[in-house]
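Some notes on the structure that comes next.
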Amino acid sequence: MRKPIMAGNWKMNKTAAEGTALVREMQKDLLAVPAVDKVFCPSFLAVPDVARAVAGTELAVGAQDLYWEASGAYTGEVAPAMVREFCDYVIIGHSERREYFGETNETVNRKIVAALAAGLVPIVCVGETRALREAGETQAWVRGQVVAALQGLTGEQVAGLVIAYEPIWAIGTGLAATPADAEEVCGGVVRATVRELYGDAVAEAIRIQYGGSVNAGNAFEIMSQPNVDGGLVGGASLKAADFIKIVQDAARAKGL
Ligand code: 13P
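Numbered per this note's numbering, the sequence shown spans residues 12 to 267.
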């Protein structure tokens with residue numbers, strides 16, 4: 012069975028001090044939830060303090076991005092080894108980075124390759140716009156993003172990845188995908204594409220998250236879907252009580 016993975020993407024919220032306080036507030040209750048990976052993804056400057064706050068526990072830290080080069084004259088960028096010093100995970104290709112910061116399927120693939128080489132677990136984001144969904148293009152679009160992201164990777168590498176299906180129309184809108192829609196894309200598109208490219212064993216191993224307006228009220232039903240192995244939570248991960256309930260509900264949904 013795949014181990015569920017619940018991650019909080021804090022986006023550009025929380026200073027180092029605020030983030031540390033938030034983690035301290037949630038730590039005990041989150042650690043009481045069994046058999047679920049729990050990951051905090053703070054901004055770069057909060058990463059070291061959050062990592063120190065959870066050191067020696069089962070709580071993990073992820074960055075929200077990285078650059079693919081190992082070092083050099085790339086002002087403002089953060090190298091994979093720098094991320095790895097504090098993090099086990101890294102979000103790659105979030106739709107906000109694709110939309111506002113010019114990330115493409117090609118840069119996303121380069122970042123995944125670099126992250127894996129550094130020993131990080133990439134959380135790769137894919138998802139369609141509302142216009143694509145309304146045009147009936149969801150399946151082709153998401154499949155294309157998955158194929159491009161995985162370019163050149165081995166089956167062993169792909170088995171260890173996390174892919175987050177985040178429909179753009181559901182992010183920050185309060186309009187989450189229905190559990191059935193989440194299942195249809197996570198299973199029928201993302202996992203099906205991995206199966207087509209890498210076969211059954213890899214498809215059964217890779218973990219697929221849903222993200223987009225996950226909250227304390229809808230997490231149980233969404234996480235109950237068999238092909239949804241976890242959640243990438245934005246706004247609700249900034250509120251201690253909500254994120255704790257979401258993680259507890261994910262465990263309950265999986266019968267843990
Ligand atoms: P919200 O949960 O705020 O909709 O954000 C989802 C997201 O983008 C997580 O990466």
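Virtual Cβ for every residue (Gly too), placed ideally from N, Cα, C. Please read all numbers here as calculations on a predicted model, not as lab measurements.
Pop quiz: residue i and residue j are said to be a contact at Cβ under 8 Å. What is the actual Cβ separation, rounded to whole angstroms?
{"i": "residue 157", "j": "residue 174", "result": "7 Å"}
{"i": "residue 71", "j": "residue 50", "result": "5 Å"}
{"i": "residue 24", "j": "residue 243", "result": "The pair is not a contact, with the Cβ atoms about 15 Å apart (cut-off 8 Å)."}
{"i": "residue 73", "j": "residue 100", "result": "3 Å"}
{"i": "residue 241", "j": "residue 261", "result": "7 Å"}
{"i": "residue 46", "j": "residue 91", "result": "Wrong, their Cβ atoms sit about 29 Å apart, outside the cutoff."}
{"i": "residue 188", "j": "residue 223", "result": "6 Å"}
{"i": "residue 132", "j": "residue 171", "result": "6 Å"}
{"i": "residue 264", "j": "residue 231", "result": "5 Å"}
{"i": "residue 34", "j": "residue 66", "result": "That belief does not hold up - the Cβ atoms of residue 34 and residue 66 are roughly 11 Å apart, past 8 Å."}
{"i": "residue 94", "j": "residue 259", "result": "Actually they do not touch by this definition, with Cβ atoms about 29 Å apart."}
{"i": "residue 205", "j": "residue 217", "result": "5 Å"}
{"i": "residue 236", "j": "residue 193", "result": "6 Å"}
{"i": "residue 190", "j": "residue 233", "result": "5 Å"}
{"i": "residue 18", "j": "residue 179", "result": "Not confirmed; about 18 Å, so no contact."}
{"i": "residue 42", "j": "residue 68", "result": "6 Å"}
{"i": "residue 126", "j": "residue 103", "result": "6 Å"}
Can you give me the C-alpha to C-alpha distance between residue i and residue j, rounded to a whole angstrom?
{"i": "residue 111", "j": "residue 105", "result": "10 Å"}
{"i": "residue 154", "j": "residue 141", "result": "16 Å"}
{"i": "residue 183", "j": "residue 86", "result": "30 Å"}
{"i": "residue 186", "j": "residue 124", "result": "33 Å"}
{"i": "residue 136", "j": "residue 163", "result": "18 Å"}
{"i": "residue 248", "j": "residue 256", "result": "10 Å"}
{"i": "residue 221", "j": "residue 149", "result": "15 Å"}
{"i": "residue 119", "j": "residue 37", "result": "31 Å"}
{"i": "residue 169", "j": "residue 122", "result": "14 Å"}
{"i": "residue 239", "j": "residue 229", "result": "13 Å"}
{"i": "residue 274", "j": "residue 15", "result": "In the structure displayed, the chain extends from 12 to 267; residue 274 sits before or after that span and is not available."}
{"i": "residue 165", "j": "residue 108", "result": "25 Å"}
{"i": "residue 177", "j": "residue 245", "result": "11 Å"}
{"i": "residue 5", "j": "residue 209", "result": "The question about residue 5 has no answer here: the residues shown for the chain are numbered 12 through 267."}
{"i": "residue 40", "j": "residue 61", "result": "17 Å"}
{"i": "residue 79", "j": "residue 117", "result": "11 Å"}
{"i": "residue 227", "j": "residue 250", "result": "10 Å"}
{"i": "residue 152", "j": "residue 96", "result": "34 Å"}
{"i": "residue 195", "j": "residue 145", "result": "16 Å"}
{"i": "residue 160", "j": "residue 266", "result": "32 Å"}
{"i": "residue 98", "j": "residue 77", "result": "11 Å"}
{"i": "residue 207", "j": "residue 48", "result": "27 Å"}
{"i": "residue 212", "j": "residue 254", "result": "32 Å"}
Tell me whether residue i, by its Cβ, gets closer than 6 Å to a heavy atom of the ligand 13P.
{"i": "residue 270", "result": "Lying outside 12 to 267, the shown extent of the chain, residue 270 is not represented and no answer is given."}
{"i": "residue 50", "result": "no"}
{"i": "residue 16", "result": "no"}
{"i": "residue 186", "result": "no"}
{"i": "residue 242", "result": "no"}
{"i": "residue 224", "result": "yes"}
{"i": "residue 245", "result": "yes"}
{"i": "residue 182", "result": "yes"}
Does the ligand HEM have a heavy atom nearer than 6 Å to the CB of residue i?
{"i": "residue 145", "result": "The ligand HEM is not part of the structure shown, which contains the ligand 13P as its ligands."}
Are the segment 20–30 and the segment 49–68 touching by the rule of at least three beta carbon pairs closer than 8 Å? yes
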